[in-house]
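Working notes, structure below.
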Amino acid sequence: MNRVINKFLELSRRTDFKRFQNNLSLKLYEQFGLSYKNNDNEVVMVTKMTNELNNKNFGNFIHIRAYKIHRAKSYVEFSYRDKPTTRELGDLIVISIVSDKKKRLLQKTSIIQNKKEKDMTWDIDQEQLFLLKNFPTISSSKGIFKTIRRDLDFINMSNSLGSYGLFHSPGDMIYASAVVIASLYKKNKINYDDFENIESYLSNSNTNPFGHNLFHIEDIIYFFEKYYRRFAFPWLFGSHNNFFLGHCHFTRDISDFIKNLTYFNIGEYSYVNGTIIDEHLDNFSNTVLRTIGFQEFIDIDAGNEREINNDIDIQIIVTHMDVGTEKE
Numbered sequence: 000m001n002r003v004i005n006k007f008l009e010l011s012r013r014t015d016f017k018r019f020q021n022n023l024s025l026k027l028y029e030q031f032g033l034s035y036k037n038n039d040n041e042v043v044m045v046t047k048m049t050n051e052l053n054n055k056n057f058g059n060f061i062h063i064r065a066y067k068i069h070r071a072k073s074y075v076e077f078s079y080r081d082k083p084t085t086r087e088l089g090d091l092i093v094i095s096i097v098s099d100k101k102k103r104l105l106q107k108t109s110i111i112q113n114k115k116e117k118d119m120t121w122d123i124d125q126e127q128l129f130l131l132k133n134f135p136t137i138s139s140s141k142g143i144f145k146t147i148r149r150d151l152d153f154i155n156m157s158n159s160l161g162s163y164g165l166f167h168s169p170g171d172m173i174y175a176s177a178v179v180i181a182s183l184y185k186k187n188k189i190n191y192d193d194f195e196n197i198e199s200y201l202s203n204s205n206t207n208p209f210g211h212n213l214f215h216i217e218d219i220i221y222f223f224e225k226y227y228r229r230f231a232f233p234w235l236f237g238s239h240n241n242f243f244l245g246h247c248h249f250t251r252d253i254s255d256f257i258k259n260l261t262y263f264n265i266g267e268y269s270y271v272n273g274t275i276i277d278e279h280l281d282n283f284s285n286t287v288l289r290t291i292g293f294q295e296f297i298d299i300d301a302g303n304e305r306e307i308n309n310d311i312d313i314q315i316i317v318t319h320m321d322v323g324t325e326k327e
């Protein structure tokens with residue numbers, strides 16, 4: 000873990016990495032601007048976004064790859080309060096992985112539903128919001144989880160597993176966790192102005208960035224002494240403004256989203272340094288990775304699950320840092 004922290008601290012001071020982030024943001028701004036001129040719907044916009052991010056690399060140790068499993072929507076079955084219901088899980092999965100060559104060190108996952116505004120207002124399905132906020136037991140009897148062969152209960156300790164990507168004119172995107180959306184929306188809608196004072200809400204939220212059992216207290220003391228003092232960082236563990244490996248609940252624009260994506264702040268931990276934090280989430284994300292053939296880049300436990308059947312329509316972005324690669 001020392002190499003992981005050291006690598007992120009190094010990147011946070013490199014102007015060429017900042018240029019890499021800026022260039023990614025610029026490409027997406029250009030793409031979203033064209034999408035609004037062409038009146039693209041959100042499905043087309045998500046596809047163009049993932050295509051734009053595909054095969055973007057910083058040196059040879061950070062890689063962004065995009066995939067698509069394409070047929071029908073990613074429906075799942077769960078109980079909305081006391082009534083069984085079926086809703087789409089989301090249309091984008093973001094998986095962030097840090098490895099030492101092919102050995103996994105960290106893994107995070109975010110499930111995102113994208114929406115396009117109409118007059119700066121987004122329609123929010125109440126039952127899907129319930130799913131992405133609370134993650135009730137998801138049935139394996141139908142939908143994309145049939146191949147996993149058991150019901151799933153995602154822990155979602157940081158409340159950052161389920162999120163929304165809200166496209167708006169003239170070509171930008173707000174990223175917000177389902178918890179944030181649930182705190183703001185009214186009558187199945189959310190308005191752009193509802194985000195005006197969101198920073199004050201987040202400052203009072205639990206934004207512990209490193210999740211459960213990521214570090215022992217000895218490690219934290221070591222990092223403060225060896226790394227934070229050396230780099231003169233003014234922020235502490237637990238800050239909402241953590242640079243890296245945190246739990247991002249909100250970004251106001253594409254630039255902020257790309258920064259958090261490339262600092263691995265997007266999503267919920269399922270695996271940390273040899274420990275499975277959330278067994279069901281780790282099984283699910285590994286099943287997704289096997290389906291897209293990511294075992295070419297990291298070692299993935301074969302598990303008992305089959306690959307996801309290619310009868311769903313979902314985009315996948317994998318951001319991968321290999322700290323075992325010495326040359327850049």
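FYI, the numbering for the sequence shown is 0 to 327, going by numbering that gives the first Met the number 0. Cβ coordinates follow ideal geometry from the N, Cα and C atoms, glycine included.
Could you tell me whether the Cβ atoms of residue 10 and residue 257 are closer together than 8 Å? Locating residue 10 in the sequence shown gives position 11, counting from the first residue. Locating residue 257 in the sequence shown gives position 258, counting from the first residue. Against a cut-off of 8 Å, the Cβ pair of residue 257 and residue 10 comes out as no contact.
Ignore the nearest five residues each way along the sequence and tell me which others in residue 323's own chain have a CB closer than 6 Å to its CB. In the sequence shown, residue 323 corresponds to position 324, counting from 1. Closer than 6 Å at Cβ, skipping near neighbours: 99, 100.
Going by C-alpha to C-alpha distance, which of 284, 122, 18 sits closest to residue 189? By 1-based counting over the sequence shown, the position of residue 189 is 190. If we check each option's Cα against that of residue 189, 122 comes out closest.
Nearest by alpha-carbon distance to residue 17: which of 273, 261, 299, 321 is it? Working through the sequence shown from its first residue, we reach residue 17 at position 18. The shortest Cα separation from residue 17 among 273, 261, 299, 321 belongs to 261.
Give me the Cβ distance between residue 68 and residue 88, rounded to the nearest whole Å; I'm assuming they're in contact under 8 Å. Mapped onto the sequence shown, residue 68 falls at position 69. Mapped onto the sequence shown, residue 88 falls at position 89. Incorrect: roughly 12 Å between the Cβ atoms, too far for contact.
Taking 8 Å as the cut-off, decide whether the C-beta atoms of residue 7 and residue 243 are in contact. In the sequence shown, residue 7 corresponds to position 8, counting from 1. In the sequence shown, residue 243 corresponds to position 244, counting from 1. Between residue 7 and residue 243, the gap from beta carbon to beta carbon is short of 8 Å.
Work out the CA separation of residue 57 and residue 14 for me, nearest whole Å. Within the sequence shown, the letter at position 15 stands for residue 14. Within the sequence shown, the letter at position 58 stands for residue 57. Roughly 12 Å between the two C-alpha positions.
Determine whether the Cβ of residue 43 lies closer than 8 Å to any Cβ atom of chain D. Although the question refers to chain D, the structure presented lacks it and comprises just one protein chain.
Under the rule that 16 or more other beta-carbon atoms within 10 Å means buried, what is residue 331, buried or exposed? Residue 331 cannot be examined here, being either before or after the span of the chain that is shown, 0 to 327.
May I have the straight-line CA-CA distance separating residue 155 from residue 124, to the nearest angstrom? Taking the first residue of the sequence shown as position 1, residue 155 is located at position 156. Taking the first residue of the sequence shown as position 1, residue 124 is located at position 125. About 20 Å.
Alpha helix (DSSP H) segment containing residue 38, residue limits: Here residue 38 refers to the residue found at position 39 when the sequence shown is read from its first residue. Residue 38 -> no alpha helix (DSSP H), and no H or E assigned at all.
Give, in chain order, every unbroken run of the alpha helix (DSSP H) that is at least 4 residues long and sits entirely within the stretch 132 to 191. 177 to 183
Use the C-beta contact count for residue 90: other C-beta atoms within 10 angstroms, 16 or more gives buried, fewer gives exposed. On the sequence shown, position 91 is the one that residue 90 refers to. Burial call: buried.
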